[in-house]
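*Asks:*
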Amino acid sequence: MDNPQPTGAITVAITGASGTLGQALLRCWHRRGAQLIAISHSPTPLNLHAPDGSAIDLQHVQWQCGQEKALLAQLSQVDVLVLNHGINLQQERSQGATAASLEVNALSSWRLLEGFCELVAKRSASERAARPPSEVWINTSEAEIEPAFSPLYEISKRLLGQLLSLRSLDLARQVRLRRLVLGPFRSALNPFGLMPVAFVAQQVMLQAQLGCNLIIVTPNPLVYVLMPLATLTRWLYNSALTKS
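9 is the number of the first residue of the sequence shown in the working numbering; add one for each residue after it.
#1: Please go through the same chain and pick out, in chain order, the residues whose beta-carbon is closer than 6 Å to the beta-carbon of L80, but skip the five residues on each side of it.
#2: Taking just the CA atoms, how far does S117 sit from D10?
#3: Quick test of your reading: S164 and A114, contact by CB under 8 Å. State the CB separation rounded to the nearest angstrom.
#4: Quick one: residues in its chain with C-beta nearer than 7 Å to the C-beta of H38, no 5 flanking neighbours on either side, listed in chain order?
#5: Counting beta carbon pairs with one atom in the stretch 238 to 250 and one in the stretch 205 to 218, are three or more of them shorter than 8 Å?
#6: By the DSSP assignment, the alpha helix (DSSP H) with S109 in it spans what residues?
#7: Using a Cβ-Cβ cut-off of 8 Å (strictly less than) and excluding sequence neighbours within five positions of R131, which residues of its own chain qualify?
#8: Please list, in chain order, all residues of the same chain as A108 whose beta carbon is under 8 Å from its beta carbon, the five residues on each side excluded.
#9: In or out: G169 buried (at least 16 other Cβ within 10 Å) or exposed?
#10: By DSSP, does R181 sit in helix, in strand, or in coil?
#11: Looking at the secondary structure, which residues open and close the alpha helix (DSSP H) in which E135 lies?
#12: To the nearest angstrom, report how far apart Q103 and P229 are at their CA atoms.
#13: Which term fits G24, buried or exposed, when burial requires 16 or more other beta carbons within 10 angstroms of its beta carbon?
#14: Between the Cα of L66 and those of S84, L34, A209 and E76, spot the shortest distance and give me the residue it belongs to.
#15: What first and last residue would you give for the alpha helix (DSSP H) that runs through V212?
#16: In chain order, what residues of the same chain have a beta carbon less than 7 Å from the beta carbon of L127, not counting five sequence neighbours either side?
#17: For the candidate residues I223, A46 and M235, whose alpha-carbon lies nearest to that of N147?
Now the structure itself:
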C-alpha cells in the first residue's frame with residue numbers, strides 16, 4: 009500500500025496500544041478513517057479522543073505475550089498489523105529479565121508476524137482482490153545498530169531485526185513489511201527523549217505514504233547511513249547462505 013489513506017474498510021491493529029507511541033499511531037490512523045483494533049496488555053479499555061474532543065471508536069483487545077495463537081482470531085480481518093509492543097528493563101541482567109526481554113521484544117513479534125502472514129496466505133484470490141494489500145509494520149528501534157544504554161533491550165531488538173531480515177526473504181511475498189527504526193522519543197519509559205511522540209508518529213505515517221519500507225525517524229544522522237547498509241548486508245548474506 010503505497011498510500012496509506014485508507015477508507016473505513018481498512019482495519020488496522022496496533023500492539024502496545026496503551027503506550028505513548030501506540031496511542032499516537034492510533035490517532036494518526038483515526039484521522040485517515042481506519043477501523044482500529046488496540047491490542048494491549050492492560051485490562052483497562054483504551055479511551056482516546058480526537059482533537060475536537062470526540063471519542064475515537066476502537067476495539068480494545070487484551071493480550072499477553074505467549075498467547076499469539078489466541079490473538080490470531082482477532083487478526084483474520086486485519087489489513088495493517090503494527091507490532092509496537094516492547095519492554096526496556098534497562099540495568100537488569102538476571103535470567104528472568106533476559107527471558108522477559110527476549111520474549112516480549114523479539115519472539116512474540118516474530119510469532120505474530122509468522123501467524124499473520126499465514127492468515128493472509130490462506131485468503132482466497134477473490135478476498136485478496138477485494139481488500140487493500142496486507143502490511144506488517146515492525147518497530148525494531150535504532151537499538152538494532154546503536155547503543156541504547158540497556159544491554160537486554162539492545163540484544164532483544166537486534167534479534168528481532170535479524171529475524172525480520174531473514175524471514176522477509178519469504179514473507180515479503182505475502183505481505184508488505186515495513187521496518188520502523190525510531191530514535192529516542194518522550195514517553196513514560198523515556199521522559200528525557202529528544203523527540204515529541206506526535207512528531208514521530210506523523211513522520212512514520214508520512215514515510216509510509218511516500219512508499220518507504222525502511223522508515224527511520226531519529227535525530228542521529230549516522231542511523232540514516234548505517235541502517236540501510238545493515239539491511240542490505242543482511243539481505244545479501246541471508247540470500248547467499250539460505251534457501252526458501
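Backbone N, C-alpha and C define an ideal beta-carbon position, used for all residues, glycine too. Just so we're clear, the structure is a prediction, and the values are computed from it rather than from any experiment.
*Replies:* Inspection of the coordinates gives the following:
#1: Stepping through the sequence shown from its first residue, residue 80 is reached at position 72. Once the five neighbours on either side are set aside, the close Cβ partners of L80 are G123.
#2: In the sequence shown, the residue the question calls residue 10 occupies position 2. In the sequence shown, the residue the question calls residue 117 occupies position 109. Low per-residue confidence applies at D10: pLDDT is 43, beneath 50, and the placement is therefore not dependable enough to give any value.
#3: Walking along the sequence shown from the start, residue 164 turns up at place 156. Walking along the sequence shown from the start, residue 114 turns up at place 106. Yes, they are in contact, since the Cβ atoms of S164 and A114 sit about 5 Å apart, within 8 Å.
#4: Along the sequence shown, read from residue 1 onward, the residue named residue 38 stands at position 30. Cβ neighbours of H38 beyond the five flanking positions: L44, A58 and I64.
#5: no
#6: Locating residue 109 in the sequence shown gives position 101, counting from the first residue. Counting along the chain, the alpha helix (DSSP H) containing S109 begins and ends at Q103 to L110.
#7: Taking the sequence shown and counting its residues from 1, the one referred to as residue 131 is at position 123. Contacts found: R139.
#8: If you number the sequence shown from 1, residue 108 lands on position 100. So the list reads I95 and L97, once near-sequence residues are dropped.
#9: As a working note, residue 169 is residue 161 in the sequence shown. Result: buried.
#10: Sequence index remark: in the sequence shown, residue 181 carries index 173 (1-based). It is coil, neither helix nor strand.
#11: Counting from 1 along the sequence shown, the entry for residue 135 is found at position 127. Counting along the chain, the alpha helix (DSSP H) containing E135 begins and ends at A133 to A138.
#12: Against the sequence shown, residue 103 aligns to sequence position 95. Against the sequence shown, residue 229 aligns to sequence position 221. Rounded to the nearest angstrom, the two C-alpha atoms are 35 Å apart.
#13: Sequence index remark: in the sequence shown, residue 24 carries index 16 (1-based). Buried, by the Cβ-count rule.
#14: Along the sequence shown, read from residue 1 onward, the residue named residue 66 stands at position 58. For the residues S84, L34, A209 and E76, the minimum Cα distance to L66 belongs to L34.
#15: Reading the sequence shown from its first residue, position 204 is the one you call residue 212. Here the alpha helix (DSSP H) through V212 covers V205 to Q217.
#16: On the sequence shown, position 119 is the one that residue 127 refers to. Answer for L127: L80, L83 and S84, listed in chain order.
#17: Counting from 1 along the sequence shown, the entry for residue 147 is found at position 139. Checked all of I223, A46 and M235; the closest Cα to N147 is I223.
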